[in-house]
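A quick write-up on the structure given underneath.
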Amino acid sequence: MSLFSLGCFSINAQSEPCSFSIKGKVLDAKTDEPIPYAAVKVNGTAKFTSTDAEGNFTIDGLCSKSNTLFISSIGYADLTQDHENDSNATFYLIQKITGLEEVTVEAERLKEVGTESISQVVLDQAEIKSIPTQSLGSALSSVQGVTFASVGNNIQLPIIHGLSGNRIIVLNNGLKHGFQNWGEEHAPEIDITSASRITLIKGATGVRYGSEALGGAILVESTALDLNTPFYTDLGVSGETNGQGFNTNLELGSGSENWSYYLNGSFTQIGDRTAPDYNLTNSGKEETALGAGLLHHHKNWDVSVRYSFLDQNLAILRTSFLTSPEAFIRSINADEPVIIDPLSRDIREPNQVTQHHLAKAQVDWRYSDAGKLTFIGGFQLNKRQEFDVRRNADLPIVDLDLVTNDYQLEWTHPSWNGLKGLLGIQYFSQNNDNNPGTLNSPIVPNYNIERFSTFIVEKMEKDRNTFEAGLRLDFESNNVRGREPNNDLFRDEFSFTNLTASVGYVREFTDGSFRTNLGTAWRTANPFELFSFGQNRWRLIYGLLRYEENNGEISTDNVARFDESEVQPERGYKFINEFRINKNDNEHVLTVYSNYIENYIFDRPINVTTTVRGPSLAFIFDQADALFLGADYNWRTRWTTSISTDLGLSYLWTRNIGDDEPLINQPPISTSLSIQWDQGTFLGLSSSIVKLRSSYTFEQFQAPRTIPIQAIVDGSETVTLDSEIFDVLDPPEGYFLLDLSWSFGFKNLSGSIAVQNVLNTSYRSYLNDLRYFADEPGRNLILSLNYQFKPRKTND
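Residues are numbered in my numbering as their position in the sequence shown, beginning at 1, plus a constant of 2.
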């Protein structure tokens, strides 16, 4: 790939000699004691480091003698200070009691016990809010090794190294996000505008964050509850051309010596999106979010409560729900959607309506300088209704209430023989109930899940080496109540006990670091994967316990008991290594990983079945031992003091080991190249940054074989449970996308103008479940403005 993006700017600059250095010491302003492991960053560059045990730091390879340093450390107020020469200097930080956020800066997040040896990436608030209408999956998709599976434009699930759904834990303010996390149809209900920080962890984190984290974890943090903070109000508005959408958000808060609070809210409305050649009928969304937090500090105690609410109404492409055999087959093979109506802001069937409540209380007792007890109690209520195109369209076909309770007690113990770490216990439960009145057989049965867990994670630091290890023991019980195909009631109970382990190592070098981690995680099949039975959007789906093969025929007449089946929990073993080199204004990050998953659960097409609505493609859930091998690469370089580029590449190879065949619905190879021009102060603006990003997603050459749907309907192709995995359409062609953005600041006002898909390219994503019916959206112009009504901060 060439640096073609450079042609978009008229640049005639020469690289300056980068031979300057900064040496300094960071001290406590009150006690004059050195502050170890404080994060020191040179603004406007990729240069950063942390202080040693004596508070000293050195940063070499700077291109300017005059620099601005940003210094931060947990428990202290951030410091931004100009530095005019390369002599030794002393910087003083003022103590500040923060809220109950464990970590507030990227350098410290990497030092959280149990995750330091795992590759991770942090998105700050500015990156998150640049496109306030995006989903969590979309916000993370710019990270190498991360993309998203989707059902249309509104439902997007993050994918980390080929794994998504239940294999990724989403922590919402420290609580496992309790939502209907089954199938591709349900994405985590997270309000992006209320997130102040998102941390993506790419390794198996089953020990630190709980079972199911085979692929990684996503930590979403809302506004920090900081003490001694002047009253502030932030107001944001944005609009976009594709879908004629808009968003408005507001946050206010304040912190005194012993109290802190915040309140926030947002509203988003988007109409039908448009592909380059046609309207995507019924593809809009409406979303309302509210949040609040309160902290009280008293000597060694911190007590906080948080609450968040999200109400979503998400439309699903109308042409994906068809009621005649001819329309179904024609739509699968058509270049354009069968149904194209004029653009509308109305949301009609098919659609999903979800309300999510989260309440959390947390108590921290710092009984000594290095010891802390933390108690967390959380409650979540997820109410979901799904509507279909049918005679009784005003009645939902799915109506579920999911109640989640989560209680955790953690002890962060003082250093003992060089060991630093924590021990914890957790009780987690979920109760899922179908509400009556749908006139439809429940696609998911009623169920109760209870899980008791205990875990320990420890680390030891010696010179530039860090060693960490952890163990977790989980005991889980399941109680399921549902109906047989003949409508008789059935019940099933089963339980699991599992031990999870993790070991890791970090080595810091003068110009980089090396991280390696071997982690295990496990996951039980969720109730949808076990018991699903019936129509699910445009397809039929049968769970692992809902079908069997008799004389070459698939029978769905009975529900098997779990203990009498061959279904086994998934067990993953992920080995991940990260090499980071930062030298001479060049940063190289290479992540190499392997993930072997026993009893990997996936769904695949099996046949075409005739229903009262016409023929539907039938899917079954299956299990196989699977191997995931891949690598992510990033190269960031600064050509001048204002111009930098970022090159990324992600590659993933997957295999069904038992049958020696490719897995279905895996991310293809992707590359990206961006150039950023940081103009600093420009035309009276306090900041001005122009960014051009290009990306190319290859065709998925590892896709399974293709069997046209007509061949299944007319019987020219016979498919059994032993048949090779197949798809009914070839994977879409590779595609090139170009995005352009300009972000700026002026006093208390900040904003951005962004254009997505500048070339208005027509394309289909292999990971979009609706690629069978329509293209992705075309060009989109987004304008965002944010104004901060708050006192100007001064440095005494």
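For each residue, glycine too, the CB sits at the ideal point set by N, CA and C.
Check                                                                                                                   : Outcome
Buried/exposed call for Phe748, threshold 16 Cβ in 10 Å                                                                 : exposed
Phe530 - containing beta strand (DSSP E), residue span                                                                  : No beta strand (DSSP E) contains Phe530, which is instead part of the alpha helix (DSSP H) from Pro529 to Phe533.
Reduced DSSP secondary structure (H/G/I, E/B, other) of Lys25                                                           : strand
Euclidean distance between Cα positions of Thr499 and Asp408                                                            : 19 Å
Bounding residues of the beta strand (DSSP E) (the contiguous stretch that carries Lys49)                               : Looking at the DSSP string, Lys49 is not in any beta strand (DSSP E), and its letter there is neither H nor E.
Beta-carbon proximity of Leu629 to Ile659, cut-off 8 Å                                                                  : yes
6 Å CB neighbourhood of Tyr698 in its chain, flanking five on each side removed                                         : Thr673 and Phe738
Within 8 Å, strictly: CB atoms of Tyr544 and Ile622                                                                     : yes
C-alpha gap between Ser72 and Arg707, whole angstroms                                                                   : The sequence given here has Phe at residue 72, not Ser. Going by the C-alpha atoms only, they are around 54 Å apart.
Segment contact flag, the region 638 to 645 with the region 677 to 690, C-beta cutoff 8 Å, min 3 pairs                  : yes
Beta-bridge partners of Pro36, as assigned by DSSP                                                                      : Leu29
Nearest to Ala206 (by Cα), restricted to the options Tyr602, Asn266, Phe269 and Ile578                                  : Ile578
Pro607 - partner residues in DSSP beta bridges                                                                          : Phe621
Start-to-end residues for the beta strand (DSSP E) that takes in Lys422                                                 : Leu421 to Asn436
Distance, Gln136 Cα to Gly151 Cα                                                                                        : Note that residue 151 is Ala in the sequence shown, not Gly. Taking the straight line joining both Cα atoms gives about 14 Å.
Range of the contiguous beta strand (DSSP E) that encloses Ile784                                                       : Asn782 to Phe791
Residues of its chain near Pro670, where Cβ-Cβ distance is below 7 Å and the 5 sequence neighbours each way are ignored : Thr699, Phe700, Glu701, Gln702 and Tyr768
Inter-residue spacing [alpha-carbon to alpha-carbon] between Thr656 and Ser515                                          : 28 Å
Selected residue, minimal CA-CA separation from Phe790, among Leu64, Asn750, Arg509 and Leu404                          : Rather than Phe, the amino acid found at residue 790 in this sequence is Gln. Out of Leu64, Asn750, Arg509 and Leu404, Asn750 has the C-alpha closest to the C-alpha of Gln790.
Arg563 to Pro344 span [Cα, whole Å]                                                                                     : 50 Å
For Arg493, three-class secondary structure by DSSP                                                                     : strand
Interface flag, Leu216 vs chain C, CB-CB below 8 Å                                                                      : Annotation note: the requested chain C is absent from the structure, which comprises a single protein chain.
Beta-carbon proximity list for His359, same chain, < 6 Å, skipping 5 on both sides                                      : Phe311 and Leu383
Same chain only: Cβ atoms within 6 Å of Gln634, ignoring 5 sequence neighbours per side                                 : Sequence check: residue 634 is Asp here, not Gln. For Asp634, where only same-chain residues beyond five positions count, the Cβ hits under 6 Å are Gln146, Gly147, Thr593 and Ser652.
Assigned secondary structure, Cys20 (DSSP; H/G/I helix, E/B strand, else coil)                                          : coil
Pairwise C-alpha distance: Gly293 and Leu252                                                                            : 10 Å
Integer-rounded CB distance, given that Ala31 should sit under 8 Å from Ile1                                            : The chain is shown only over 3 to 798; residue 1 falls outside these bounds and no answer can be derived.
C-beta atoms of Ile170 and Gly139 nearer than 8 Å                                                                       : no
Within 8 Å, strictly: CB atoms of Phe457 and Gly423                                                                     : no
Contact check, Gly574 vs Asn597, beta carbons under 8 Å                                                                 : yes
Straight-line gap, Leu397 to Tyr765 (C-alpha atoms, nearest Å)                                                          : 35 Å
Under 8 Å between C-beta atoms of Trp303 and Trp261                                                                     : no
Classification of Lys585 by the beta-carbon crowding that lies within 10 angstroms, buried from 16 upward               : exposed
Minimum C-alpha distance to Glu186 - residue among Leu547, Ala372 and Arg541                                            : Arg541
Reduced DSSP secondary structure (H/G/I, E/B, other) of Lys131                                                          : helix
For Glu778, the three-state DSSP class (helix, strand or coil)                                                          : coil
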